[in-house]
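Okay, structure first, notes after.
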Amino acid sequence: PEQFLTAEKKNVMVDLFVKWRIDNVADFYTAVGGDINQANLRLNQTIKSAIRSEFSKRNIKQLVSTDRGAIREVLMEKSKTIAPKLGIHIVDVQVMRIDLPEGVSDSVFRRMEAERESAARKFRSEGSEVAEKKRAEADKDRVVLLANAFSQAETLRGEGDAISADIYNKAYGADTEFFTFYRSLNAYKKTFSKSSMMVVDPNSDFFQYFNKQK
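Just remember that my numbering sits 1238 ahead of the position in the sequence shown, which is counted from 1.
Here is the structure:
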């Protein structure tokens, strides 16, 4: 592993590997005399230069959590620029590990943990706000529905009362004597269905139909 500086000017330890194969034997011997170690040295110089450039643009959080794929693509492209000159073909380049010095690791992980907790609190707060809004909307809808139902019931009750009064008036106007008699019968029924004792003058208007001879 070798050290590289991040955009925060902090050292990180990087472990990587490069997989390659000889693509043109003549060029390979011309460039490095057929020496595999020399080919690795030339290739590593190019890759390390690319790593140094890419790491200097990124902070530790980006390197550790999000940008490894992008860095790999850059390293592949950079290594391919020198590969033909060496008579080789680049099969793969991988950043195996990015390690932080112990003190840096602790501070970075604490910061990342704090950021995650902050994000979690934000999501919980937003969720509670949405739930409260939904409850308020449901309560409002319930009040509106109840008010509409009560209003409709009152309207129907008023229409029923109006129809009943109209029938009552028409019946009374058609036969006043019979309607008076009918009302008296209802009054007798309500009065005499009770067990309470009553003292009433038999000559009162209440008993007019008891005294009337047919």
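Virtual Cβ for every residue (Gly too), placed ideally from N, Cα, C. The model shown is predicted, which means the values in this text are computed figures rather than measured ones.
- When the beta-carbon positions are compared, V1256 and G1325 stay at least 8 Å from each other.
- Cβ atoms of A1288 and K1248 stay farther apart than 8 Å, at about 19 Å.
- According to the DSSP assignment, Q1300 belongs to no beta strand (DSSP E), since it is labelled neither H nor E.
- Taking the C-beta atoms as reference points, I1328 is found no nearer than 8 Å to V1250.
- DSSP, reduced to helix, strand and coil, places E1246 outside both helices and strands of the structure shown, so it counts as coil.
- For L1254, the secondary structure class from DSSP, reduced to helix, strand or coil, is strand.
- Beta-bridge analysis with DSSP links E1240 to V1252.
- Take A1245, set aside five residues on each side of it, and the residues of its chain with a beta-carbon closer than 7 Å to its own are S1294, K1295, R1296, N1297, in chain order.
- In the DSSP assignment, D1337 falls within the beta strand (DSSP E) that extends over 1326-1337.
- Around the Cβ of E1292, a 10 Å sphere holds 16 or more other Cβ atoms; the residue is buried.
- In the DSSP assignment, N1278 falls within the unbroken alpha helix (DSSP H) covering 1274-1293.
- For E1353, the closest of K1372, K1299, E1375, V1331 by C-alpha to C-alpha distance is K1299.
- The distance from the Cβ of L1254 to that of M1314 is about 12 Å, inconsistent with a contact at the 8 Å cut-off.
- Listed in chain order, the non-local C-beta contacts of Q1276 below 6 Å within the same chain comprise V1270, local neighbours out to five positions each way being set aside.
- The beta-bridge partner set that DSSP reports for R1259 consists of H1327.
- Closest by C-alpha distance to E1240, out of A1321, G1272, Q1283, A1387, is Q1283.
- The beta carbon of D1261 lies closer than 7 Å to those of G1325, I1326, H1327 in the same chain, with the five residues before and after it left out.
- Assignment of G1398 by DSSP, reduced to helix, strand and coil, places it in the helix class.
- For the pair G1307 and K1360, the Cα-to-Cα distance works out to about 29 Å.
- Take A1400, set aside five residues on each side of it, and no residue of its chain has a beta-carbon closer than 8 Å to its own.
- Taking a C-beta distance under 8 Å as the contact criterion, V1331 and I1274 do not qualify as a contact pair.
- In this structure, R1280 lies away from I1309, with their beta-carbon atoms at least 8 Å apart.
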